[in-house]
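My numbering puts the sequence shown at residues 31 to 367.
Input: a single structure, listed below in structure tokens.
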Amino acid sequence: MTLDYAPPPTTARPANTVDRLRSGMLSAADRLGVAGALIALVLLFAVVAPNFATPDNLLDVARQISVTAILGAGLTFVIITAGIDLSVGSAVGVTAFVGVALALNGFPAALAILGAVLTGVVIGAVNGLLVAWVGLASFIVTLAALTYLRGITYVGTDGTTMFSTTLNYARLGHGSLFGIPIPVLIMVAVFGIGWYVLNRTVFGRWVTAVGGNAEAARLAGIPVKRVLVSVYVISGLCAAIGGVIASARLQSAVPDLGAGYELSAIAAVVLGGTSLMGGRGSLVGTLIGAAIIGVLINGMTLLDVSSFYQQIIQGIVIVLAVALDRLRTRGAAKEAA
Numbered sequence: 031m032t033l034d035y036a037p038p039p040t041t042a043r044p045a046n047t048v049d050r051l052r053s054g055m056l057s058a059a060d061r062l063g064v065a066g067a068l069i070a071l072v073l074l075f076a077v078v079a080p081n082f083a084t085p086d087n088l089l090d091v092a093r094q095i096s097v098t099a100i101l102g103a104g105l106t107f108v109i110i111t112a113g114i115d116l117s118v119g120s121a122v123g124v125t126a127f128v129g130v131a132l133a134l135n136g137f138p139a140a141l142a143i144l145g146a147v148l149t150g151v152v153i154g155a156v157n158g159l160l161v162a163w164v165g166l167a168s169f170i171v172t173l174a175a176l177t178y179l180r181g182i183t184y185v186g187t188d189g190t191t192m193f194s195t196t197l198n199y200a201r202l203g204h205g206s207l208f209g210i211p212i213p214v215l216i217m218v219a220v221f222g223i224g225w226y227v228l229n230r231t232v233f234g235r236w237v238t239a240v241g242g243n244a245e246a247a248r249l250a251g252i253p254v255k256r257v258l259v260s261v262y263v264i265s266g267l268c269a270a271i272g273g274v275i276a277s278a279r280l281q282s283a284v285p286d287l288g289a290g291y292e293l294s295a296i297a298a299v300v301l302g303g304t305s306l307m308g309g310r311g312s313l314v315g316t317l318i319g320a321a322i323i324g325v326l327i328n329g330m331t332l333l334d335v336s337s338f339y340q341q342i343i344q345g346i347v348i349v350l351a352v353a354l355d356r357l358r359t360r361g362a363a364k365e366a367a
């Protein structure tokens with residue numbers, strides 16, 4: 031008689047204290063590095079650019095980066111899971127169109143904003159379901175969404191600007207509270223809530239675990255598919271918030287509103303230390319990354335640098351951000367070896 035031996039079921043090994051400490055030290059080093067770069071950039075433009083260091087201009091920089099930073103907050107969750115969302119820029123355009131269209135048709139501001147937000151949530155949910163349940167690559171899903179959402183915006187606006195001088199939620203783009211622009215306050219609120227969710231909740235730990243090793247996370251009992259859908263919903267929600275702010279600031283829905291925003295947001299996320307390989311990321315770093323891009327653009331504008339050259343420099347920043355991520359990934363691999 032033979033006895034069959036069945037090995038014990040494989041379980042995901044939770045990260046030990048040393049692993050967590052190493053990850054925390056790498057994340058802290060990344061944040062210190064990008065914070066140093068931001069400080070150096072601010073000091074440089076304070077010296078060479080007239081009126082850069084004035085309180086009004088610095089508040090204007092914060093207002094200018096608000097939409098990109100909010101998009102980056104949502105993208106941070108997606109990228110930590112080793113995914114990507116290229117549709118956020120087009121989602122800004124669609125949600126702005128929905129909000130303005132509802133307002134122009136007599137809906138109260140609260141309902142117009144709610145309609146825009148729900149549109150963003152639906153966009154994120156569709157992306158998440160296609161990635162998590164159908165198994166399509168996030169790059170393909172969101173690239174397709176980038177295209178068809180832009181088409182929807184053009185169809186909805188008939189290719190023209192929908193302008194309203196009496197947009198009932200325009201204060202969200204132009205108003206201030208205690209001297210601080212409302213878009214900046216919304217940005218701070220989004221990052222505050224996002225930081226708490228990512229760093230102080232079970233869901234946040236699940237997001238990081240899925241990005242580190244999705245199969246190990248599944249074996250550990252984490253609902254991987256639900257987590258993936260959720261992060262795309264968060265990204266869609268952030269895109270909708272950005273769309274509301276952008277349309278409030280312009281008091282209109284522009285057919286190409288949000289075009290290219292996704293690249294700036296991804297650059298901010300990667301500059302801030304979030305790994306494109308997944309498993310590691312920082313919302314604080316994303317905010318600093320967005321500030322670096324905003325300061326760079328504002329400083330160049332004050333120095334009368336042509337917008338054409340500004341686009342070239344922004345492209346170089348994106349390449350450098352991806353290269354920096356690769357170097358971080360290699361460094362982390364050597365540390366773990």
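Just so it is clear, CB atoms sit at the ideal spot from N, CA and C, and this is done for glycine as well.
Report yes if the C-beta distance between residue i and residue j is below 8 Å; otherwise report no.
i, j, result
"threonine 111", "leucine 258", "yes"
"alanine 269", "glycine 102", "no"
"threonine 125", "glycine 273", "yes"
"valine 108", "tyrosine 226", "no"
"leucine 197", "valine 130", "yes"
"alanine 283", "threonine 187", "yes"
"glycine 189", "isoleucine 275", "no"
"proline 211", "alanine 92", "yes"
"leucine 134", "methionine 192", "yes"
"isoleucine 216", "isoleucine 271", "yes"
Distance check for residue j and residue i, CA to CA, integer angstroms please.
i, j, result
"alanine 65", "isoleucine 318", "6 Å"
"glycine 311", "isoleucine 264", "15 Å"
"asparagine 81", "leucine 88", "10 Å"
"leucine 374", "alanine 321", "Absent from the structure is residue 374, since the part of the chain shown begins at 31 and ends at 367."
"glycine 329", "phenylalanine 75", "6 Å"
"glycine 145", "valine 152", "11 Å"
"arginine 356", "leucine 132", "44 Å"
"serine 336", "arginine 201", "31 Å"
"valine 220", "isoleucine 100", "7 Å"
"serine 277", "alanine 250", "43 Å"
"threonine 32", "valine 254", "Annotation note: pLDDT 42 at threonine 32 (below 50); position unreliable, no value reported."
"threonine 383", "leucine 179", "What the structure shows of the chain is the stretch from 31 to 367, and residue 383 is not part of that stretch, so it cannot be assessed."
"glycine 242", "isoleucine 342", "34 Å"
"alanine 174", "threonine 183", "14 Å"
"leucine 71", "leucine 326", "7 Å"
"phenylalanine 169", "glycine 113", "8 Å"
"arginine 256", "valine 78", "50 Å"
"glycine 136", "glutamine 281", "15 Å"
"threonine 98", "valine 314", "14 Å"
"aspartate 90", "glycine 309", "34 Å"
"valine 237", "alanine 67", "28 Å"
"leucine 306", "valine 347", "16 Å"
"glycine 205", "alanine 139", "15 Å"
"threonine 106", "threonine 231", "16 Å"
"arginine 235", "isoleucine 252", "10 Å"
"methionine 55", "glycine 222", "Unreliable positioning characterises methionine 55 in this predicted model, as indicated by a pLDDT of 48, which lies under 50. A coordinate reading is not provided."
"isoleucine 69", "glycine 63", "10 Å"
"threonine 40", "alanine 239", "Note that threonine 40 has pLDDT 42, beneath the 50 cutoff, so the model's placement of it is unreliable and no number is given."
"leucine 73", "serine 260", "40 Å"
"arginine 360", "aspartate 334", "39 Å"
"glycine 345", "glutamine 94", "19 Å"
"alanine 167", "aspartate 86", "44 Å"
"threonine 331", "phenylalanine 208", "27 Å"
"glycine 165", "arginine 279", "38 Å"
"glycine 181", "aspartate 286", "10 Å"
"valine 218", "phenylalanine 233", "21 Å"
Count the other C-beta atoms from every protein chain shown that fall within 10 angstroms of the C-beta of residue i, then say buried if there are 16 or more, exposed otherwise.
i, result
"tryptophan 163", "exposed"
"proline 213", "buried"
"valine 349", "exposed"
"alanine 353", "exposed"
"aspartate 49", "With a pLDDT of 47 at aspartate 49, under the threshold of 50, the modelled position of this residue cannot be trusted, and the question is left open."
"phenylalanine 127", "buried"
"isoleucine 323", "buried"
"glycine 154", "buried"
"glycine 150", "buried"
"threonine 316", "buried"
"tyrosine 339", "exposed"
"leucine 176", "buried"
"valine 171", "buried"
"leucine 228", "buried"
"alanine 351", "buried"
For residue i and residue j, which I take to be in contact (beta-carbon distance under 8 Å), what is that distance rounded to the nearest angstrom?
i, j, result
"glycine 123", "glycine 266", "That pair is no contact at about 13 Å."
Compute the minimum distance between the beta carbon of residue i and the heavy atoms of the ligand MN, and state whether it is under 7 Å.
i, result
"leucine 287", "Because no ligand of any kind appears in the structure shown, any question about the ligand MN cannot be addressed here."
Note to self: Under 8 Å: do the segment 278-293 and the segment 103-122 share three or more Cβ pairs, one atom per stretch?
What the structure shows: yes
**Message:** For the structure I just gave you, are there three or more beta carbon pairs, one from the segment 239-254 and one from the segment 141-159, closer than 8 Å?
**Reply:** no
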